[in-house]
Amino acid sequence: FGTHALLIVTLTVIPATAAAQSENDATREDVYPPLWDRAPESLLDFLVKDNKIVINPWNYEERLGVYKNMLNSSAKYFTAFGSRNFGNILWGLPLQHGWQFRTGRLADPSSVTSCGYEDGDLLCISVRSWWSCMNYYLAVIPFLGAVEAGLFGQLQYEIEILPPEERRADFCYSVADCRSRNPNLMDEWKAYFEVNKPGSPETFSSFKMDDALHLMWRAHVSSIAYALPKFQDSLKYVSDPEANFGEDWANAVDFIAATHFSTDLQTTNEFQAFLPQRMLTEGDVLPSISDFSPQQNRVLLSMRALHKANQLTGGLLLKLWQKAMSTEAGRKLGRKLIEDLASS
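Each residue of the sequence shown is one higher than the one before, counting from 3 in the working numbering.
In structure tokens:
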């Protein structure tokens, strides 16, 4: 059946990614991730030891600093898309990470340690957190891909990423290490950062946002696909509703990615408003979670339905959606229908 019909059918279950219109003014401080001003501004703001820049991604401020450095160093590519680097499509990553921190999703869900808790080490990121481990592949891997692509120029020091206390074999810690373990993932993130590097076939003047969004989302989806089976066992530490939500969100990203959805600062803040402001617990039953807005309840229920529908069709629903999104006209319609559904 026709593309428009497919879009309508899919959108009966697709997550309402565009939540209530945010009233955020892009000049307000709360549009940034928590503690953004405290994150390292440059690579030399991290610990430099034994001719290495040492980064601890199990500390919230330092992982945030990884994002801040990628945003700062890629700002020159986005000058045509608004002032103050607000048009940079990498904003989606640190804003999502900030939401995870703010809602307690980076803390130790097993409660065995005080990692991530206010009465313990608030800035600690727990390796037992499903969200923090998934996010590693959307933070450290993109960063090392950017290093390899030359985004930061010729570095006088090597980059060393510190390992967690557990599960060390589930992560990689340098450009060479990550390239040997995850060559395809490194290639995809490197390709994103190389899309408009000086000397490449493309030039600044012919920069196409749609091309950049395609490469960014392709790498983003690949990171999630690689990390999902690896950290499946971490979901045992959280409630069933929270585990379902995590997997529903990962599934929804595949559908959102196909539309080349913009992840600049303002759009991400507007569309992140629907995400739950706390961890889900065993007593939470959709769509009747009392301290969530009707819209949040509806969006979480929609994501649940979308995930189930995609599972029941053996992934066919996603394939049909991706086919419908294979043209710019289709993607434009997809984005508009998502926005219309959300604002209805």
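All C-beta atoms, glycine included, are put in the ideal place defined by N, C-alpha and C.
Under the criterion of beta carbons closer than 8 Å, ILE55 and GLU162 qualify as touching, at roughly 7 Å.
If you check the CB distance, TRP133 and GLN102 come in under 7 Å. In the three-state scheme derived from DSSP, where H, G and I count as helix and E and B as strand, ASP179 is classed as helix. The shortest CA-to-CA distance from ALA148 to any of ALA275, CYS117 and CYS180 is the one to CYS180. With respect to PRO42, ARG104 sits apart: the two C-beta atoms are not nearer than 7 Å. Secondary structure remark: continuous alpha helix (DSSP H) runs of at least 4 residues inside the stretch 207–264, in chain order: 211–232 and 242–260. Per DSSP, ILE127 lies in no beta strand (DSSP E) segment and is marked neither H nor E.
Of the other Cβ atoms in all chains shown, fewer than 16 fall within 10 Å of the Cβ of GLN313; this residue is therefore exposed. By the Cβ criterion, the stretch 275–292 is in contact with the stretch 236–249, since at least three pairs of Cβ atoms, one from each stretch, lie closer than 8 Å. According to the DSSP assignment, LYS54 belongs to no alpha helix (DSSP H) but to the beta strand (DSSP E) extending over 54–57. Contact between the stretch 261–268 and the stretch 323–343 is present, with at least three C-beta pairs closer than 8 Å. For ASN184, the three-state secondary structure derived from DSSP is coil. Beta-bridge partners of VAL50 (DSSP): ILE55. In the three-state reduction of the DSSP assignment, ASN90 falls in the coil class, being assigned neither a helical nor a strand state.
Distance check between HIS222 and each of SER182, ASN58 and ALA141 places ALA141 closest, using alpha-carbon atoms only. In this structure, DSSP gives CYS135 a helical state, which the three-state scheme calls helix. Beta-carbon to beta-carbon, TYR138 and PHE173 are separated by about 6 Å, close enough to satisfy the 8 Å threshold.
With distances taken between CA atoms, SER112 lies nearest to LEU237 out of ASP250, GLN98, SER225 and LEU237. Here VAL114 is exposed. Its C-beta has fewer than 16 other C-beta atoms within 10 Å. Judged by their CB atoms, LEU73 and THR270 are not nearer to each other than the 7 Å cut-off. Contact between ILE57 and GLU64 holds, since their C-beta atoms are separated by about 6 Å, short of 8 Å. Its Cα nearest to that of LYS232, the residue VAL129 stands out among TRP251, MET305, VAL129 and SER85. In the structure shown, the three-state DSSP call for ASP189 is helix. Counting C-beta atoms within 10 angstroms of its own C-beta, ARG333 has 16 or more neighbours from the protein chains shown and is therefore classed as buried. The alpha carbon of CYS117 has as its nearest neighbour, out of TYR34, ASN61, LEU187 and TYR228, the alpha carbon of ASN61.
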